[in-house]
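Peer 1:
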Amino acid sequence: MAINLSDRELAVPQVKEYSYYPGCSLHSTALEFNESVQAVFKALDIKLYELEDWNCCSAASATTLNHALSLALPGRNLAIAQKSGRDVVIPCTGCYNRHKTTERELKRRSAAGQMVEQAVGFSYQGNFEVRSLLDVIGNQVGLEALRRRVQKPLNGLKVVGYYGCLLLRPVEVTQFENPERPTLLNRLLAALGADLQPWSYASDCCGGDQTLVKPEIAARLVNRLVEHAREAGADAMVTVCPLCQMSLEMRQGAGAKLPLFYFTELIGLAFGLAEASSWWKKHLVSPVGLLKSLQLES
Amino acid sequence: MPDFNFIDQVNTLSEQPIELCYHCHKCTAGCPVVDQMEYGPDRILRMVQFGEKDKLLQSEDIWVCVGCETCGARCPNEIDAARVLGALREIAFAENAAIAEPGAVKFHRLFLGLVQRTGRMHEISLLALHKLWTLNLFSDLPAGARLIMMGKVPLKPSIIKGRSEIARIYATAGSKKKQVPNGD
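So the sequence lines, in the order shown, correspond to chains A and B. Under numbering that gives the first Met the number 0, the first residue of the first sequence carries the number 0, and numbering increases by one thereafter. Under numbering that gives the first Met the number 0, the first residue of the second sequence carries the number 0, and numbering increases by one thereafter.
1) Run through the region 227-290 of chain A for me and flag every whole alpha helix (DSSP H) of 4 or more residues, listed as ranges in chain order.
2) A/R168 and B/G71 - do their beta-carbons sit closer together than 9 angstroms?
3) If we call anything under 9 angstroms between Cβ atoms a contact, is A/K46 one with A/K15?
4) According to DSSP, which residues form a beta bridge with A/D86?
5) Work out the CA separation of A/C240 and A/N33 for me, nearest whole Å.
6) Using the Cβ count rule (16 or more neighbours within 10 Å means buried), how would you classify A/P178?
7) State yes or no: is the C-beta of A/Y311 within less than 9 angstroms of the C-beta of A/R130?
8) With DSSP as the reference, please indicate the residues paired to B/G161 in a beta bridge.
9) Under a CB-based cut-off of 9 angstroms, is B/Y38 close to chain A?
10) If I follow the unbroken beta strand (DSSP E) through A/G160, where does it start and stop?
11) Residues of the region 18-36 of chain B with a CB closer than 7 angstroms to any CB of chain A: list them in chain order, please.
12) Sort A/K213, A/E128, A/L184, A/S27 by Cα distance to B/L146 and report the nearest one.
13) For B/P16 and B/P153, I'd like the C-alpha separation in whole angstroms.
14) Suppose you measure from the CA of A/V140 to the CA of A/D44; what does that come to, to the nearest Å?
15) Apart from the five residues just before and just after A/M0, which ones in its own chain have a Cβ nearer than 6 angstroms to its Cβ?
16) Establish whether the CB of A/P178 and some CB of chain B are separated by less than 9 angstroms.
17) List the residues of chain B whose Cβ lies closer than 7 angstroms to the Cβ of A/R97, in chain order.
18) Would B/V83 count as contacting chain A if we go by Cβ distances under 9 angstroms?
19) Under 8 angstroms Cβ-Cβ, which residues of chain B neighbour A/S18?
20) In the structure shown, what three-state DSSP assignment does A/R186 receive?
21) Measure the CB-CB distance between A/A218 and A/G252 and report whether it falls below 9 angstroms.
22) Could you give the DSSP three-state label for B/E18: helix, strand or coil?
23) Please compile the residues from chain A whose C-beta is within a distance smaller than 9 angstroms of the C-beta of B/T69.
24) Anything in chain B within Cβ reach of A/T28, meaning under 9 angstroms, just list it in chain order.
25) Please report the distance separating the alpha-carbon of B/Q178 from that of A/P258.
26) Let me know the secondary structure DSSP gives A/E31 once reduced to three states.
27) May I ask which residues mark the beginning and end of the beta strand (DSSP E) holding A/L25?
28) For chain A, find out if any of its Cβ atoms is closer than 9 angstroms to the Cβ of B/W62; answer yes or no.
29) Can the beta-carbon of B/V65 be found closer than 9 angstroms to that of A/L220?
30) Using a Cβ cut-off of 8 angstroms, pull out every chain B residue sitting near A/T62, in sequence order please.
31) Can you tell me whether A/N154 is buried or exposed? The criterion is at least 16 other CB atoms within 10 Å of its CB, across all chains shown.
32) Are A/T63 and A/R97 touching if we call contact CB-CB under 9 angstroms?
33) Just to make sure I have the definition right: I need the residues of chain A whose C-beta is within less than 9 angstroms of the C-beta of B/F92. Which are they?
34) At 7 angstroms on the CB atoms, spell out the chain B contacts of A/T220, in chain order.
35) Using a beta-carbon distance below 9 angstroms, is B/L12 in contact with chain A?
36) Name, please, each residue of chain A whose Cβ falls closer than 7 angstroms to the Cβ of B/V9.
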C-alpha cells in the first residue's frame, strides 16, 4: 500500500528527541497521563529527555500573589533546557502556560525578561521552543503518522474534546490556532476513529484553578460542562490537562459520573498498546465499563 | 477618597492599558464566574479608573476569578482583565489590605513556601497543612484517601538538588513588595 503524505506533513521535519517537563501533577495525581505520554512516544520512536532537576512552575499560586516569581521560577527550567537546545514538551497546560509566559518575556527582552535572567543567573539564547504536548503530537508528529499506527480504531466511542483554558489563552502567549474555535484535538481524535460529538463548551473553564481553594465554584463549572457533554451525546470527555482532569473527576455531583480520558491514553489505546489497561485503574471515575461495552477493553 | 494614582499602579503591575476600556462588557458577558461576583470584570476596570482602591483590595471578586483568560481573549482593546485582577490580588497581599478570602492567601502562601523549601509541590504536605491551617479537616478526605490508596500521590516529598538556585530566585523575584516594572 502506498503511503500518501500531505504537503503539509512533508514540510514538517520529523524530530526524534525532545526535552520533557512533566511538572508536579504528572508525578502524582496524573501518573496515568505521564505513563501514557511515555508509552506513546516510545511507540512513535521519539525520545523524551526529562529535564534534570526541574522545579515546580508555581502554578496558580505565584500568579496569585507574586507575578515576578511566577515568571522567574519557570526561568530556571528554561535555563536547564537551553543546555541541550532541544524543544521542551510540556503536557500539563498549566505548566505549559507558565513556561510559555516566561519564554515570551525572555524573547521580547522586556524588563521582566531581564529580571528572570538575573534571578536565575543565565542568559537566554532562544535556541529552543516551549511546546505543548498537543501541538507536538498533532502538528509535528502529525495526524497522518498517528492514523497509520492505529491498530484498534476507537469506533463507537462517543466523546467530546475538551481544551479548557490555559492551552488557548492568553492568545498572545499561547499562539494557538483559533482560540475561540480550536480544532486540533477533534481532528486528532477523529484520526483515532473516535465518534466525536459536536458541542460548544470545548474551551470553557472547569474552574480547576479554584478546585482546592473554592471547591464550590469549581463544582458549578464542572457540572455545567458534564451536563453539556451528556446533552451532546458523549459517553466520555477527553482532556489535555491534569488540572482539568482532576477537577472534572473530583467535582462531579452525586450519581453516575462521566468518565474522562487524557488524549494520550486514547492514542495508546488506539495504537493497541498493552500498557493501556493499567492506566484505567488510576482514574477516579473508571472508564472500564464503557470500554468493555465497546469491546475496546477485554 | 479616590486614589488617583491607583490606575498607574495597576497599569504598571498588570501591564494592561486600563484607560482604553470603553465598557463594552464583553469581558463580563464571557466570565464564567460573574454570577458569583459583586462587580464583575468590567466594573472592576471602571473602579480602577475611578481610583476606588480600598473597595477593590477588600473585594471578594478578585479571589473568585478562575484565571480562565476569556475576558482578555475577547477584549476589543486587548486589555487582559484577568491580569488586572491578578495585580489587584498582588497589591492587596503586598499592602496588607483587609483581604476578603484569607483562606486563599493561606493556600497560595503554603504552596509557594513548599516550593521554596523543596523546589516542587507535594500534594499531601500542601493539603494537610492547608486543612490544619484553615481547620477544614474533613473536606475531600474520601477522594484524597483514594488517591493515596491508588499510589498516585507520593507520601514523601520530592526534593530537588538546586535549592540554592531556588533561594536565589525567591530572593530576587519573591520579596513581598517587589513589583515588576512595565515590560516595554
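Quick reminder that beta carbons are idealized off the backbone N, C-alpha and C, glycines included.
Peer 2: On the basis of the data shown:
1) The region 227-290 of chain A contains, as complete alpha helix (DSSP H) runs of 4+ residues, the segments 241-249, 262-269, 275-279 (chain order).
2) On the second sequence, position 72 is the one that residue 71 of chain B refers to. On the first sequence, position 169 is the one that residue 168 of chain A refers to. Yes, Cβ-Cβ distance for B/G71 and A/R168 is below 9 angstroms.
3) Here residue 46 of chain A is taken as the residue at index 47 of the first sequence, counted from 1. Here residue 15 of chain A is taken as the residue at index 16 of the first sequence, counted from 1. Yes, the pair counts as a contact, with Cβ atoms nearer than the cut-off.
4) The residue given as residue 86 of chain A occupies position 87 in the first sequence. Answer is none; A/D86 lacks a bridge partner.
5) Residue mapping note: residue 33 of chain A aligns to position 34 of the first sequence, counting from 1. Residue mapping note: residue 240 of chain A aligns to position 241 of the first sequence, counting from 1. Cα to Cα, A/N33 sits roughly 11 angstroms from A/C240.
6) Residue 178 of chain A sits at position 179 when you count from the first residue of the first sequence. Burial call: buried.
7) Residue 311 of chain A is absent from the structure shown; chain A starts at 0 and stops at 297.
8) As a first step, residue 161 of chain B must be located in the second sequence, where it is residue number 162. Looking at the DSSP assignment, B/G161 forms no beta bridge with any residue, so it has no partner.
9) The sequence position of residue 38 of chain B within the second sequence is 39, counting from 1. Chain A contact via Cβ: absent.
10) Along the first sequence, one-based indexing puts residue 160 of chain A at 161. Start and end: 157-160.
11) Of all residues in the region 18-36 of chain B, P31, V32, Q35 have a Cβ within less than 7 angstroms of some Cβ in chain A.
12) Within the second sequence, numbered from 1, the residue matching residue 146 of chain B stands at position 147. Looking at the Cα atoms, A/S27 is the closest of the given residues.
13) As a working note, residue 16 of chain B is residue 17 in the second sequence. As a working note, residue 153 of chain B is residue 154 in the second sequence. Cα to Cα, B/P16 sits roughly 44 angstroms from B/P153.
14) On the first sequence, position 141 is the one that residue 140 of chain A refers to. On the first sequence, position 45 is the one that residue 44 of chain A refers to. Taking the straight line joining both Cα atoms gives about 11 angstroms.
15) Mapped onto the first sequence, residue 0 of chain A falls at position 1. Any answer about A/M0 is weak, because its pLDDT of 43 lies below 50 and its placement is not dependable; what the coordinates show is given next. So no residue of the chain qualifies.
16) Taking the first sequence and counting its residues from 1, one reaches residue 178 of chain A at position 179. For A/P178, the answer is yes, since a Cβ of chain B falls inside 9 angstroms of its Cβ.
17) For the purposes of this step, residue 97 of chain A is taken as residue 98 along the first sequence, with counting starting at 1. By Cβ distance, chain B contributes nothing, its closest Cβ being about 11 angstroms from A/R97, past 7 angstroms.
18) Residue mapping note: residue 83 of chain B aligns to position 84 of the second sequence, counting from 1. Chain A contact via Cβ: absent.
19) The sequence position of residue 18 of chain A within the first sequence is 19, counting from 1. None at all; the shortest Cβ gap to chain B is about 16 angstroms.
20) Here residue 186 of chain A corresponds to residue number 187 of the first sequence, with the count starting at 1. In the structure shown, A/R186 sits in a helix (DSSP, three-state: H, G or I).
21) Counting from 1 along the first sequence, the entry for residue 218 of chain A is found at position 219. Counting from 1 along the first sequence, the entry for residue 252 of chain A is found at position 253. Taking the C-beta atoms as reference points, A/G252 is found nearer than 9 angstroms to A/A218.
22) Stepping through the second sequence from its first residue, residue 18 of chain B is reached at position 19. Correct three-state label for B/E18: helix.
23) The sequence position of residue 69 of chain B within the second sequence is 70, counting from 1. Simply C164, R168, S202, D203, C204.
24) Reading the first sequence from its first residue, position 29 is the one you call residue 28 of chain A. The contacting residues are E122, L146, K151, V152.
25) Here the question's residue 178 of chain B lines up with position 179 in the second sequence. Here the question's residue 258 of chain A lines up with position 259 in the first sequence. The predicted position of B/Q178 is uncertain, since its pLDDT is 47 and thus under 50; a value taken from the coordinates is nonetheless stated next. When rounded, the distance between both Cα atoms is 43 angstroms.
26) Translated into positions along the first sequence, residue 31 of chain A becomes position 32. Helix at A/E31.
27) Taking the first residue of the first sequence as 1, we reach residue 25 of chain A at position 26. Not the beta strand (DSSP E): A/L25 falls in the alpha helix (DSSP H), residues 22-25.
28) Here the question's residue 62 of chain B lines up with position 63 in the second sequence. Interface residue, yes.
29) Taking the first residue of the second sequence as position 1, residue 65 of chain B is located at position 66. Taking the first residue of the first sequence as position 1, residue 220 of chain A is located at position 221. Against a cut-off of 9 angstroms, the Cβ pair of A/L220 and B/V65 comes out as a contact.
30) Residue 62 of chain A sits at position 63 when you count from the first residue of the first sequence. G66, G85, listed in chain order.
31) Here residue 154 of chain A is taken as the residue at index 155 of the first sequence, counted from 1. Exposed: under 16 other Cβ atoms inside 10 Å.
32) Here residue 63 of chain A is taken as the residue at index 64 of the first sequence, counted from 1. Here residue 97 of chain A is taken as the residue at index 98 of the first sequence, counted from 1. Not a contact, by the Cβ cut-off of 9 angstroms.
33) Within the second sequence, numbered from 1, the residue matching residue 92 of chain B stands at position 93. Correct list: T63, L64, N65.
34) Working through the first sequence from its first residue, we reach residue 220 of chain A at position 221. A small fix is needed here, since residue 220 of chain A is Leu in this sequence, not Thr. P31, listed in chain order.
35) The sequence position of residue 12 of chain B within the second sequence is 13, counting from 1. At least one chain A Cβ lies under 9 angstroms of B/L12.
36) Here the question's residue 9 of chain B lines up with position 10 in the second sequence. By Cβ distance, chain A contributes nothing, its closest Cβ being about 12 angstroms from B/V9, past 7 angstroms.
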